[in-house]
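Q:
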Amino acid sequence: MTATAPTQHGGPIELDMDGLSRILFGHAAFQYLNAACELGLPDLVAEKQELTREEIRDALSLEDRAVDILLLGCTSLGILVKQDGLYRLAGVVKDLMDEGDWQRFKDTVAFEQYIVYEGQLDFTDSLRENRNVGLRRVRGSGRDLYHRLAENPHMEQVFYRYMRSWSELANKHLVQELDLSGRKHLLDCGGGDAVNAIALAQANPDLKVTVFEIPASGTIAEKKIAQAGVGDQVSVITGDMFADPLPTGCDVVMFAHQMVIWTPDENTELLRRAYDALPEGGQLVIFNSMSNDEGDGPVVAALDSVYFAALPAEGGMIYSWATHERSLRAAGFSTLKRIPFPGWTPHGVIVATK
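Here the sequence shown is numbered in the working numbering, starting from 225 and rising by one per residue.
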């Protein structure tokens, strides 16, 4: 048995030496995954189904030593399977491709490589100081990562591509599980490039959606809304959700991938602002990754918390369901409902009513 995550919602399993070694050299394991994605190795093998070493070498234009290193890593880690001198894809990779999620997975790999990887060098100091020390590695003067993206065009491109893909991995469940029947207007606070707003609008033709974002992100959202052809349903208002009044006239307020960025106190303050903006009977939706109430997993939630500790803003982690529920009750909400999502990402929704 190796020390890998058992299921999305499961706790830890017993660690053996093989599993401990994978943690020790986890940074190198990730580099094999990133190199495979950037070089196009899984896509190549998927297209041909089975390839020899020499065919892979020639197709990727690699020297003998380089292809031997790449294949050693990808087969020993299980990304590829070798049998009778032929390489084929691991079943889990093929499943991602068959389900249409492989590009989204690659976008997540790129996010880890080009945004998270350097900043997490400061993870220990971030824990010691209880702040995002790794932000110092991102060029710019903005108060957090989100206000520095515009000064780093490649990073900005990688970030928004990842956020769209990370949302798409779970918002198909959001669309299925979130009942918005009878609701008229949803406010998507911190809605990024409008990926969730667009999905909800397309699934609910009578619903109006307003994305509330900082100006730099709002411009990107407007372009995506126009491209999706939902401008009659989805609009953008720019502002700072901590400093500016939240737009009123909505009967649902959603925070998607926002409650993982800030401290519980800041989250409670945002939820109070939403409570004040909602009418009686209005709903509050928290949509993001969640950790177990027991604090023992899932492993993806734990690993993703390194990013939130070291980089984006002064607070944040993948909080437990119970932590969000405490903030909701402190803000005045009641009738809380948990909706965990299936899949390998630890996403879920909490719906609260005013």
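Even for Gly, the Cβ is constructed at its ideal location relative to N, Cα and C.
What distance in whole Å lies between the Cβ atoms of Tyr256 and Gly297, which are believed to be in contact at a cut-off of 8 Å?
A: 4 Å
Q: Assign Ala501 to buried or exposed, taking buried as 16 or more other Cβ atoms, counted over all protein chains shown, within 10 Å of its Cβ.
A: buried
Q: By DSSP, does Val305 sit in helix, in strand, or in coil?
A: Val305 falls in the strand class under three-state DSSP.
Q: What would DSSP say about Ala229, mapped onto helix, strand or coil?
A: At Ala229, the pLDDT of 38 sits below 50, so the modelled position is not reliable; the number obtained from the coordinates is stated separately. Under the three-state reduction of DSSP output, Ala229 falls in the coil class, being neither helix nor strand.
Q: Hey, quick one: how far does the beta strand (DSSP E) through Cys413 stretch, first residue to last?
A: Cys413 -> beta strand (DSSP E) spans 409 to 413.
Q: Hey, Leu410 and Cys474: beta-carbon distance below 8 Å or not?
A: yes
Q: Where does Asn516 sit, in a helix, a strand or coil, going by DSSP?
A: coil
Q: Could you have a look at Lys432 and say whether DSSP puts it in helix, strand or coil?
A: The answer is strand: DSSP assigns Lys432 an E or B state.
Q: Specify the secondary structure class of Arg553 as computed by DSSP and reduced to three states.
A: Arg553 falls in the helix class under three-state DSSP.
Q: Is it buried or exposed for Glu518, if we count other Cβ within 10 angstroms and need 16 for buried?
A: exposed
Q: Quick check on the DSSP output: the alpha helix (DSSP H) that includes Gly315 runs from which residue to which?
A: 315 to 322
Q: Tell me whether Ile574 is buried or exposed, calling it buried when 16 or more other Cβ atoms sit within 10 Å of its Cβ.
A: That one is buried.
Q: In terms of DSSP beta bridges, what is Gln507 paired with?
A: In the DSSP output, where bridge partners are listed per residue, Gln507 has Val476, Thr577.
Q: Once DSSP output is grouped into helix, strand and coil, what is the label at Val291?
A: helix
Q: Pull the bridge partners of Tyr311 from the DSSP assignment, please.
A: Leu275, Lys306
Q: According to DSSP, what are the bridge partners of Glu437?
A: Thr462
Q: When you compare the CB positions of Glu538 and Asn376, do they come within less than 8 Å of one another, or not?
A: no
Q: Where does Thr569 sit, in a helix, a strand or coil, going by DSSP?
A: Coil.
Q: Looking only at its chain, what residues have a beta carbon closer than 7 Å to the beta carbon of Gln400, apart from the 5 residues adjacent to it on each side?
A: none
Q: Would you tell me roughly how many angstroms separate the C-alpha atoms of Leu284 and Thr276, rounded to the nearest one?
A: Answer to the nearest angstrom: the Cα atoms are 12 Å apart.
Q: What does a CB cutoff of less than 7 Å around Gly366 pick up in its chain, not counting 5 residues either side in sequence?
A: Arg372
Q: Does DSSP classify Pro564 as helix, strand or coil?
A: strand
Q: Taking only the alpha-carbon atoms, compute the straight-line gap between Gln344 and Phe335 and give it to the nearest angstrom.
A: Distance between the alpha carbons of Gln344 and Phe335: 13 Å.
Q: Measure the alpha-carbon distance for Thr228 versus Ser513 and round it to whole angstroms.
A: Caution applies to Thr228, whose pLDDT of 38 falls short of 50 and renders its modelled position unreliable; the value that the coordinates give is listed next. Roughly 19 Å separates the two Cα atoms.
Q: Have a look at the DSSP bridge pairing and note the partners of Ser558.
A: Thr577
Q: Just to check my reading of the structure: Leu313 and Ala270 have Cβ atoms closer than 8 Å, yes? What is that Cβ distance to the nearest angstrom?
A: 6 Å
Q: From Trp326, Ser459, Arg407, pick the residue whose C-alpha is nearest to that of Tyr386; which is it?
A: For the residues Trp326, Ser459, Arg407, the minimum Cα distance to Tyr386 belongs to Trp326.
Q: Using only the alpha-carbon positions, how far apart do Thr226 and Thr569 sit?
A: No answer about Thr226 holds up, because its pLDDT of 34 lies below 50 and its placement is not dependable.
Q: Gln482 and Gly414 look like a contact to me (Cβ under 8 Å); what is the Cβ gap, rounded to whole Å?
A: 4 Å
Q: Should His548 be listed as close to the ligand GDP, given that the test is whether its C-beta is under 7 Å from any heavy atom?
A: With respect to the ligand GDP, the structure offers nothing, as it holds no ligand at all.
Q: Suppose contacts are defined by Cβ-Cβ distances below 8 Å. Is Lys597 in contact with Tyr499 by that definition?
A: Nothing about residue 597 can be reported from this structure: the residues present for the chain run from 225 to 578 only.
Q: Please classify Gly540 as buried or exposed, where buried requires at least 16 other C-beta atoms within 10 Å of its C-beta.
A: The Cβ neighbour count for Gly540, taken over all protein chains shown within 10 Å, is at least 16; the residue is labelled buried.
Q: So, at 7 Å on beta carbons, what are the nonlocal neighbours of Ala427 in its own chain, with the 5 sequence-adjacent residues on each side left out?
A: Val399
Q: Once the 5 residues before and after Thr487 are set aside, which same chain residues still bring their CB inside 8 Å of it?
A: Glu538, Gly539, Gly540
Q: Output the distance between the C-alpha atoms of Ala425 and Gly324, rounded to the nearest integer angstrom.
A: 22 Å
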